[in-house]
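Worksheet for the structure shown next.
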Amino acid sequence: MLMSPEENKQKKKDMKETDRHLSERLEKLGKTLDTHLDEASAKEEPNKTGAMAGLSQAWKMSSEFIAAIFVGGALGWMADSWLGTKPWGMIILLMLGFAAGILNVLREAGKVAPPERRMNSGKKQD
Numbered sequence: 017m018l019m020s021p022e023e024n025k026q027k028k029k030d031m032k033e034t035d036r037h038l039s040e041r042l043e044k045l046g047k048t049l050d051t052h053l054d055e056a057s058a059k060e061e062p063n064k065t066g067a068m069a070g071l072s073q074a075w076k077m078s079s080e081f082i083a084a085i086f087v088g089g090a091l092g093w094m095a096d097s098w099l100g101t102k103p104w105g106m107i108i109l110l111m112l113g114f115a116a117g118i119l120n121v122l123r124e125a126g127k128v129a130p131p132e133r134r135m136n137s138g139k140k141q142d
């Protein structure tokens, strides 16, 4: 079926108008999606960073606690070997390591002031 030149021009004009209308709708949709994606990512970012910060602090506290116990036990074992006081050196230094680990955890959690603040608490600040 052949079209007359006028019909062909009209069809091309209609197609251009339809394309323009579709382009406008596509652009509007793109802007709306960008807005929604920005809002969604802004809401999720603080939660992820907060959770990761808490997790890293928990790992740090637990590793410091375990390390303090191991160091106390190792020093006690070495003291017992050197002084010949088995098992008392290891028992005492293991308990001291446990206490040091607890103190480190409490300091990290903010429940106990660091030694620098405790030592300067009686001095007046300018």
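According to the working numbering, the sequence shown is numbered sequentially starting from 17.
All C-beta atoms, glycine included, are put in the ideal place defined by N, C-alpha and C.
Take residue i and list the residues in its own chain whose beta-carbon comes closer than 7 Å to its own, dropping the five residues that flank it on each side.
i      : result
Leu112 : Gly88
Trp93  : Met106
For residue i, collect the residues of the same chain with a Cβ closer than 6 Å to its Cβ; drop the 5 residues on either side in sequence, then sort them by chain order.
i     : result
Ile82 : none
Asp96 : Lys102, Gly105 and Met106
Thr34 : none
Less than 7 Å separating the Cβ of residue i from some heavy atom of the ligand SAM?
i     : result
Met77 : In the structure shown, the ligand SAM is absent, as is every other ligand, since no ligand is present at all.
With distances taken from CA atoms, which of the options is nearest residue i?
i      : options                 : result
Leu109 : Ala84, Glu132 and Gly46 : Ala84
In chain order, what residues of the same chain have a beta carbon less than 8 Å from the beta carbon of residue i, not counting five sequence neighbours either side?
i      : result
Lys32  : none
Ala125 : Met77
Leu99  : Gly105
Can you check the region 94-135 for any alpha helix (DSSP H) of at least 4 residues that lies completely inside it and give the ranges in chain order?
Taken in chain order, the complete alpha helix (DSSP H) segments of 4 or more residues contained in the region 94-135 are 104-125 and 131-135.
Stretch-stretch touch, CB-based, cutoff 8 Å, three pairs: the region 74-81 with the region 112-132
With contact defined as three or more Cβ pairs closer than 8 Å, the region 74-81 and the region 112-132 are in contact.
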